[in-house]
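The sequence shown begins at 61 in the working numbering and counts up one residue at a time.
Where a beta carbon is used, it is the ideal one built from N, C-alpha and C, also for glycine.
It should be emphasised that the depicted structure is a prediction, and the values quoted were computed from it without experimental measurement.
Accompanying notes for the structure given below.
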Amino acid sequence: MNAPVRHDELLPTDLKPLRFEDVAHLPGPMPARLRTWRTVQFLRDPRGVIERLYETYGPVFRRQDHFGWGVTLLGPEANELVLFNRDRIFSSKLGWDPVLDQLFPNGLMLMDFEQHRMHRKTLSVAFKPAPMKAYLAGLNEGIARTVARWPAAGQMRFYPAIKELTLDLAAGSFLGEPWGPQARAINRAFMDMVLAAVAVVRRPLPFTRMRRGVQGRAFMSAYFAREIPRRRGRSGDDIFTQICNAEDEHGRLLTDQEIIDHMNFLMMAAHDTLTSSLTSLVYYLGRNPDWQERLRNEVDQVRARHGDPLPVEALGELELCEMAFKEALRLVPPVPMIPRRAIRDFEFMGYRIPRGAGVGVNPMMTHMMPEHWPEPERFDPLRFTTQMSAGRHKYAWVPFGGGAHMCLGLHFAYMQAKAFLYRLIGERRIVLPEGYEARFQMVPIPRPKDGLPIFLPHR
Ligand code: HEM
């Protein structure tokens, strides 16, 4: 039986964009003559802009961009208030809608409260230990095949290579598709959607990214619609088949359209975040050969105990690998800013913030606050030992968000990162060009501007 589509009655429909008068009592810049210019400045140097605003105005300030006026709240207390959302003040759907609604509607981040709770619970079957074990087998196989093809002599660009690998792995673990022309066509359509999600031109005019994104969505939706009847009532070791057969707490299956929307969204949520985080991890290991060596020793020891490929039982033993991944996520969080919209007035640090405000929290800034992270620019995975973590604010490290919308795929992300390190640093050395320093374009999802040139000689 199919579940009826439910829309959450709690979300107001009468929220208006803020005017300057609504936020005039807050610290922050005065209205710009050309507000688009503010967006351009921000896109050029998001971290610099937020740092300057923080230094000038403190942790609560109004900000203006081409969408209009909003409010930024910085620091762990702000993250806790907004992400934990105890008093149900903040809507995730209304925060993300302007970016995601056109191509990834009705994904988990575009739901709130009871509707979100029910759907999240239903989808979480795909992330239980048994299916995760099956995904690991696919990841190990795909990673081994691809890393073996990467050149051991000469330079390569890491970012496009890991992007392609992550896509190919998703075809297997998300869709259960064997490698081949079908998987390649899916990957192309999916990439068009992802690129369009952050396109400046938001209408699907001819020759625009948005047009290609809309066509990509039509292709993906048709693919899922064709496949759903074949996957219902079957068992399968991929996320798609799991979701086709997932029942909610009343024993109902998701509708075809709900499955299509969740699958499109899940693939988007996983893809660029994994690509970005594995890129910064490899970059920091390239810059810190001493750490690379420590991780290699750990991998060698685990391999001596468990052999190859990496079994699920050994994941917990890759402790240094996990800490290094966490540190890379701190330095370059794949989701640098998390948007919400206030559906009620609220107070924070003595400031009254009006209903309707777009409220942004900022992992990128929080992760660089020296009061929580001494010498914040330094790569130091030992920050994540139990001892060093004790006493740190729970919301000082938020690469996966927090509260009800905390990343559903975070264990999948750890697993892919470990499987990748097991193979890569088990077999190769990561060497950066002499004197190289990466420059990351931080928004919408961080990536090295030059694709990260790298050498991967055999060890
Ligand atoms: C290093 C990799 C990843 C990072 C840094 C990351 C980060 C995030 C963040 C910050 C959020 C919360 C956004 C918000 O509160 O508005 C989120 C949500 C989500 N992520 Fe991830 N993610 C990663 C990988 C993945 C993977 C691999 C998957 C799927 C396999 C995934 C699936 C999701 C889903 C479904 C949500 C929405 C959860 C909800 O709204 O209940 N993510 N992720």
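Cβ distance (whole Å) where asparagine 200 is taken to contact proline 369 below 8 angstroms
Numbered from its first residue, the sequence shown carries residue 200 at position 140. Numbered from its first residue, the sequence shown carries residue 369 at position 309. Correct: roughly 4 angstroms between the Cβ atoms.
What does the alpha-carbon distance come out to for the pair lysine 454 and proline 136?
As a first step, residue 454 is located in the sequence shown; it is residue number 394 there, counting from the start. As a first step, residue 136 is located in the sequence shown; it is residue number 76 there, counting from the start. Taking the straight line from one Cα to the other gives about 8 angstroms.
Could you name the residues of the same chain whose beta carbon sits closer than 8 angstroms to that of aspartate 510, not counting the 5 residues immediately before and after it, in chain order?
Locating residue 510 in the sequence shown gives position 450, counting from the first residue. If we look at aspartate 510 and ignore the five residues flanking it on each side, its Cβ neighbours are Arg217, Ala498 and Arg499.
What are the partner residues of valine 131, as DSSP defines its beta bridges?
The residue labelled residue 131 in the question sits at position 71 within the sequence shown. Arg122 and Val419, per the DSSP bridge assignment.
Sheet register partners of glutamine 215 (DSSP bridge):
As a first step, residue 215 must be located in the sequence shown, where it is residue number 155. Glutamine 215 pairs with Phe515.
Counting Cβ pairs, one atom from each stretch, are 3 or more of them under 8 angstroms apart for the segment 423–437 and the segment 327–337?
no
Please report how far the alpha carbon of aspartate 405 lies from the alpha carbon of aspartate 82, in whole angstroms.
Here residue 405 refers to the residue found at position 345 of the sequence shown. Here residue 82 refers to the residue found at position 22 of the sequence shown. Looking at the two C-alpha atoms, the distance is approximately 11 angstroms.
What residue from Arg93, Arg112, Arg95 and Val120 has the CA that sits closest to methionine 582's CA?
Outside the modelled stretch of the chain, which goes from 61 to 519, sits residue 582, for which no answer is possible.
Which value, in whole angstroms, describes the spacing of the CA atoms of arginine 205 and alanine 450?
In the sequence shown, residue 205 corresponds to position 145, counting from 1. In the sequence shown, residue 450 corresponds to position 390, counting from 1. Straight-line Cα distance between these residues: approximately 40 angstroms.
For arginine 507, the nearest candidate out of Ile485, Lys223 and Arg79 (CA to CA):
Within the sequence shown, the letter at position 447 stands for residue 507. Cα-wise, what sits closest to arginine 507 is Lys223.
Use the C-beta contact count for glutamine 162: other C-beta atoms within 10 angstroms, 16 or more gives buried, fewer gives exposed.
The sequence position of residue 162 within the sequence shown is 102, counting from 1. Classification of glutamine 162: buried, given that the 10 Å Cβ count is 16 or more.
Buried or exposed: leucine 94, going by 16 or more other Cβ atoms within 10 Å of its Cβ?
Position 34 of the sequence shown, counting from 1, holds the residue named residue 94. Per the 10 Å Cβ criterion, exposed.
Please return the same chain residues whose Cβ sits closer than 7 angstroms to the Cβ of glutamine 501, not counting the five positions on each side in sequence.
Translated into positions along the sequence shown, residue 501 becomes position 441. Around glutamine 501: Arg507 and Lys509.
Taking the beta carbon of methionine 61 as the centre, do at least 16 other beta carbons fall within 10 Å, making it buried, or is it exposed?
Here residue 61 corresponds to residue number 1 of the sequence shown, with the count starting at 1. Summary for methionine 61: the model assigns pLDDT 37, below 50, so the residue's position carries little reliability; its value from the coordinates is reported in the next sentence. Its Cβ having fewer than 16 others within 10 Å, methionine 61 is exposed.
Report the option in Phe173, Gly155 and Leu103 whose CA atom is closest to the CA atom of threonine 147.
Translated into positions along the sequence shown, residue 147 becomes position 87. The residue you asked about is not threonine; residue 147 is aspartate in the sequence shown. It is Phe173.
If the criterion is Cβ atoms closer than 9 angstroms, does the pair asparagine 531 and arginine 291 meet it?
Since the first and last residues shown for the chain are 61 and 519, residue 531 lies out of range.
May I have a chain-ordered list of the beta strand (DSSP E) segments no shorter than 3 residues that lie completely inside the segment 418–482?
418–421
Can you name, in chain order, every residue of its own chain whose Cβ lies under 8 angstroms from the Cβ of arginine 390, other than the five neighbours on each side?
Against the sequence shown, residue 390 aligns to sequence position 330. Around arginine 390: His427, Trp433, Arg443, Trp457 and Pro459.
Near histidine 67, what residues of its chain come up, given a Cβ to Cβ distance below 8 angstroms and the 5 sequence neighbours on each side ignored?
In the sequence shown, residue 67 corresponds to position 7, counting from 1. In this prediction, histidine 67 scores a pLDDT of 49, lower than 50, which makes its location untrustworthy; no coordinate-derived value is stated.
If histidine 322 and leucine 227 are in contact, beta carbons under 8 angstroms, what's the gap, nearest whole angstrom?
The residue labelled residue 322 in the question sits at position 262 within the sequence shown. The residue labelled residue 227 in the question sits at position 167 within the sequence shown. With 8 angstroms as the limit, histidine 322 and leucine 227 do not qualify as a contact, their Cβ atoms being about 19 angstroms apart.
Have a look at aspartate 74 and aspartate 157 and give me their C-alpha separation to the nearest angstrom.
Within the sequence shown, numbered from 1, the residue matching residue 74 stands at position 14. Within the sequence shown, numbered from 1, the residue matching residue 157 stands at position 97. Their backbone Cα atoms lie some 15 angstroms apart in a straight line.
Would you say arginine 180 touches the ligand HEM, meaning its beta carbon is less than 8 angstroms from a heavy atom?
As a first step, residue 180 must be located in the sequence shown, where it is residue number 120. Yes, Cβ of arginine 180 sits closer than 8 angstroms to a heavy atom of the ligand HEM.
From the DSSP output, in three-state form, read off phenylalanine 102 for me.
For this step, residue 102 is matched to residue 42 along the sequence shown. Residue state, collapsed to three classes: helix.
Name the DSSP bridge partner or partners of tyrosine 411?
If you number the sequence shown from 1, residue 411 lands on position 351. Per DSSP, Phe408.
Skipping 5 residues on each side, what residues in its chain have a beta carbon closer than 7 angstroms to that of tyrosine 283?
Numbered from its first residue, the sequence shown carries residue 283 at position 223. These residues qualify, in order along the chain: Ile246.
Tell me the DSSP secondary structure of isoleucine 320 in three-state form.
Indexing the sequence shown from 1 puts residue 320 at position 260. Isoleucine 320: helix per DSSP, three-state reduction.
Residue range of the unbroken alpha helix (DSSP H) whose run includes arginine 489:
Your numbering for residue 489 matches position 429 in the sequence shown. From DSSP, arginine 489 is part of no alpha helix (DSSP H); its letter is neither H nor E.
Arginine 180 to proline 394, Cα distance in whole Å?
The count along the sequence shown starts at 1 and reaches residue 180 at position 120. The count along the sequence shown starts at 1 and reaches residue 394 at position 334. Spanning the two alpha carbons is a distance of roughly 22 angstroms.
Between the C-alpha atoms of methionine 475 and glutamine 447, what's the straight-line distance to the nearest angstrom?
In the sequence shown, counting from the first residue as 1, residue 475 sits at position 415. In the sequence shown, counting from the first residue as 1, residue 447 sits at position 387. Near 24 angstroms, if we compare the C-alpha coordinates of glutamine 447 and methionine 475.
Measuring alpha carbon to alpha carbon, tell me which residue in Phe472, Phe127 and Asn422 is nearest valine 142.
Stepping through the sequence shown from its first residue, residue 142 is reached at position 82. Nearest C-alpha to valine 142: Asn422.
Along the chain, where does the beta strand (DSSP E) containing arginine 401 start, and where does it finish?
The residue you call residue 401 lines up with position 341 of the sequence shown. Start and end: 398–402.
For the ligand HEM, I want to know if tryptophan 156 counts as a neighbour, meaning its beta carbon is within less than 8 angstroms of at least one of the ligand's heavy atoms.
Along the sequence shown, read from residue 1 onward, the residue named residue 156 stands at position 96. Yes - the ligand HEM has a heavy atom lying nearer than 8 angstroms to the Cβ of tryptophan 156.
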